[in-house]
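Novice:
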Amino acid sequence: MGIVTDYLAAREGENRTALEHVITVARELAPDATEGESYGMPALLYRGKGLVAVLEAKAHLGLYPFSGQVLPGLAADLDDFDWSPGALQFTAEHPVPDDLLRRIITDRMSQIDAQLDKKRRPPAGAST
6 MGIVTDYLAA REGENRTALE HVITVARELA PDATEGESYG MPALLYRGKG LVAVLEAKAH
66 LGLYPFSGQV LPGLAADLDD FDWSPGALQF TAEHPVPDDL LRRIITDRMS QIDAQLDKKR
126 RPPAGAST
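Counting in my numbering, the sequence shown runs from 6 upward without gaps.
(1) Report the partner residues of Ala58 according to the DSSP bridge assignment.
(2) In its own chain, which residues sit with a C-beta less than 6 angstroms from the C-beta of Gly55, not counting the 5 before and 5 after it?
(3) What does DSSP give as the partner residues of Gln74 in its beta bridges?
(4) For the pair the region 89-102 and the region 111-125, tell me if three or more CB-CB distances fall below 8 angstroms.
(5) Give the straight-line distance between the Cα atoms of Glu4 and Gly78, rounded to the nearest whole angstrom.
(6) Output the distance between the C-alpha atoms of Arg113 and Val75, rounded to the nearest integer angstrom.
(7) Closer than 8 angstroms, CB to CB, is Pro70 near chain C or not?
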């Protein structure tokens, strides 16, 4: 068990099912993701960085991709949701469509890959 699994186990009903679905899709896309914490939230971590978190609030569910760029990049597809650069609100009755969910997660994975791979490359002109 981990922090995400424990968090989801404490939820009930349709909200739990909707939150678990997001995590299931994320695990399919990033099978090596681990459970941990990012910004104080139970989260899936990809290459040690926050990939996605889902939380239950009083009036909605929230998806957090730990990036201020992913959701604005998909703004044209978010008309049916309340969102900010760092969070997408949804409900069990109005979940995030799987194709959109997959794009959010893969875009975040691409950001993490680019960020970490850039750190590993020697600067241009440097000898190896």
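For each residue, glycine too, the CB sits at the ideal point set by N, CA and C. Being a predicted model, the structure only gives us computed values, none of them experimental.
Specialist: With the structure as the only source:
(1) Tyr69
(2) Ser43, Ala48 and Phe71
(3) In DSSP, Gln74 forms no bridge with anything.
(4) No, because fewer than three Cβ pairs between the region 89-102 and the region 111-125 fall closer than 8 angstroms, the two stretches do not touch.
(5) In the structure displayed, the chain extends from 6 to 133; residue 4 sits before or after that span and is not available.
(6) 6 angstroms
(7) Among the chains of the structure shown, chain C does not appear; only one protein chain is present.
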